[in-house]
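Chemist:
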Amino acid sequence: MAYSGPFTAGDRVQLTDAKRRHFTITLEEGKSFFTHKGEIKHDDIIGKDEGIVVKSSGAGEYLIFRHLLVDHVLSMPRGAAVIYPKDAAQILVEGDIFPGATVLEAGAGSGAMSMWLLRAVGEHGKLISYEIREDHLEYARDNVADYMGGHPDNWDLRLGDLNEASREEIGQVDRVLLDMLAPWEMLETVKDVLLPGGVFLTYVATVPQLMKVMEGIRETKAFTEPKAWESLVREWKVEGLATRPEHRMNAHTAFLISARRLTDGVVAPRPQRRARR
Ligand SMILES: C[S@@+](CC[C@H](N)C(=O)[O-])C[C@H]1O[C@@H](n2cnc3c(N)ncnc32)[C@H](O)[C@@H]1O
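Numbering that gives the first Met the number 0 applies: residue 0 is where the sequence shown begins, and numbers increase by one.
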């Protein structure tokens, strides 16, 4: 699958009609896609540049682009809730996911975050993903293969409980991302495998989870003081005098927590707070 250039067979493309409805198809020579406004021949798209308008046999007009990763993540089949794109962006930046990094992730869920991580670490990096449920692992494997055109060589997807994985099995890693119900149960494993200076990120949906994981990180005495935050993204409607924020937004997805691994035996200076008057 190509990510740019003229359309080729095998590309996953998105057709958008005048009512802004999206339809996704995979291009195949000789095939047709049938809309309620008639037929669109795949051969009328293959070989053309992106951003064209194609007419169906019933005079419907469809704008055609390749499926972006963000489109794929929001429309792909899923077994588990995915990390929202706005939060994936925070993870890549705040987690300092760099080309060539070795990243440990659990659980793989539907594979959404795996794809963002694989892109960020690049072909010289490595992603190890644990998933405890076989049905979820299959979603992750299929969704990633679907978008990336096969199973990436640098993706080590493992069926199993991260908590039962040893340091020998995992090796040492630069970054850890946990997206699961009880990340505080994994802290010994994270401590064992994360290199000094490595970034540990976790993503939790509720306040009790946030409190448990923050307290758990502090108790290990192996990390810097954890930082917690959430990201809020509000779209705007921009149309003359009607310009204003959109009425609806995904107000809450989850909280993010990050901390860095200290060298063993080092005690970080206590954060100083100003005395209350
Ligand atoms: C919310 S989903 C992850 C979604 C994923 N980050 C994505 O963007 O598609 C949480 C996943 O963690 C898995 N999980 C829970 N505990 C686990 C453990 N101890 N080891 C490995 N996977 C675990 C669950 O089965 C579930 O699929």
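Ideal Cβ positions, reconstructed from N, Cα and C, are used throughout, including at glycine.
Keep in mind the model is a prediction, meaning the values are calculated, not measured.
1) Is it the case that the CB of Arg247 approaches a heavy atom of ligand 1 more closely than 7 Å?
2) Tell me whether Ile256, by its Cβ, gets closer than 7 Å to a heavy atom of ligand 1.
3) So, is Glu38 buried or exposed, given that buried needs 16 or more other C-beta atoms within 10 angstroms?
4) Does the Cβ of Ile169 lie closer than 7 Å to at least one heavy atom of ligand 1?
5) Is there contact here, the segment 247-256 with the segment 81-90, by at least three beta-carbon pairs under 8 Å?
6) Can you tell which of Val237, Arg174 and Lys220 has its C-alpha closest to the C-alpha of Gly264?
7) Under the rule that 16 or more other beta-carbon atoms within 10 Å means buried, what is Glu60, buried or exposed?
8) Would you mind working out which of Trp183, Val198 and Arg65 sits nearest Lys47, comparing C-alpha positions?
9) Give a single yes or no on whether Gly135 has its beta carbon closer than 7 Å to a heavy atom of ligand 1.
10) Count the other CB atoms within 10 Å of the CB of Trp115; is the residue buried (16 or more) or exposed (fewer)?
11) Under 8 Å by Cβ, that's how I've got Val120 and Gly99 pegged, so tell me the actual separation to the nearest angstrom.
12) Mind listing which residues have their beta carbon within less than 6 Å of any non-hydrogen atom of ligand 1? Chain order is fine.
13) What residue ranges within the segment 171-238 form continuous alpha helix (DSSP H) runs of no fewer than 4 residues, ordered along the chain?
14) Please confirm whether Leu91 and Ser128 have their CB atoms less than 8 Å apart.
15) Between the Cα of Gly29 and the Cα atoms of Leu103, Ile45, His35 and Asp141, which residue gives the shortest distance?
16) Candidates Asp42, Leu117 and Ser257: which alpha carbon is nearest Val212's?
17) Grab the span of the beta strand (DSSP E) containing Val53 for me, first residue to last.
18) Just to confirm before moving on: does the CB-CB distance between Val81 and Ser113 stay below 8 Å?
19) Under 8 Å: do the segment 173-184 and the segment 137-151 share three or more Cβ pairs, one atom per stretch?
20) Going along the chain, which unbroken runs of the alpha helix (DSSP H) with 4 or more residues stay wholly within the segment 57-84?
Modeler: Quick look at the numbers:
1) False, no ligand heavy atom lies under 7 Å from that Cβ.
2) Answer for Ile256: no, Cβ out of range of ligand 1.
3) The Cβ neighbour count for Glu38, taken over all protein chains shown within 10 Å, is under 16; the residue is labelled exposed.
4) Every heavy atom of ligand 1 is 7 Å or more from the Cβ of Ile169, so no.
5) Enough Cβ pairs lie closer than 8 Å, so yes.
6) Its Cα nearest to that of Gly264, the residue Lys220 stands out among Val237, Arg174 and Lys220.
7) In summary, Glu60 is exposed, with fewer than 16 beta-carbon neighbours lying within 10 Å of its beta-carbon over all protein chains present.
8) Nearest option by C-alpha distance: Arg65.
9) It is His, not Gly, that sits at residue 135 in the sequence shown. It does: the Cβ of His135 is within 7 Å (strictly closer) of some heavy atom of ligand 1.
10) The residue in question, Trp115, is buried, as its Cβ has 16 or more Cβ neighbours within 10 Å.
11) Yes, they are in contact, since the Cβ atoms of Val120 and Gly99 sit about 7 Å apart, within 8 Å.
12) The filter returns Ala79, Ala80, Val81, Ile82, Ala105, Gly106, Gly108, Ser109, Gly110, Ala111, Met112, Tyr129, Glu130, Ile131, Arg132, His135, Asp160, Leu161, Asn162, Asp178, Met179 and Leu180, in chain order.
13) Entirely contained in the segment 171-238, the alpha helix (DSSP H) runs reaching 4 residues are, in chain order, 186-192 and 206-219.
14) Taking the C-beta atoms as reference points, Ser128 is found no nearer than 8 Å to Leu91.
15) It is Ile45.
16) Answer by Cα proximity: Ser257.
17) Val53 -> beta strand (DSSP E) spans Ile51 to Lys54.
18) Judged by their CB atoms, Val81 and Ser113 are not nearer to each other than the 8 Å cut-off.
19) In short, these stretches do not touch, since the Cβ pair count stays below three.
20) If we require 4 residues or more, the alpha helix (DSSP H) runs fully inside the segment 57-84 come out as 68-74.
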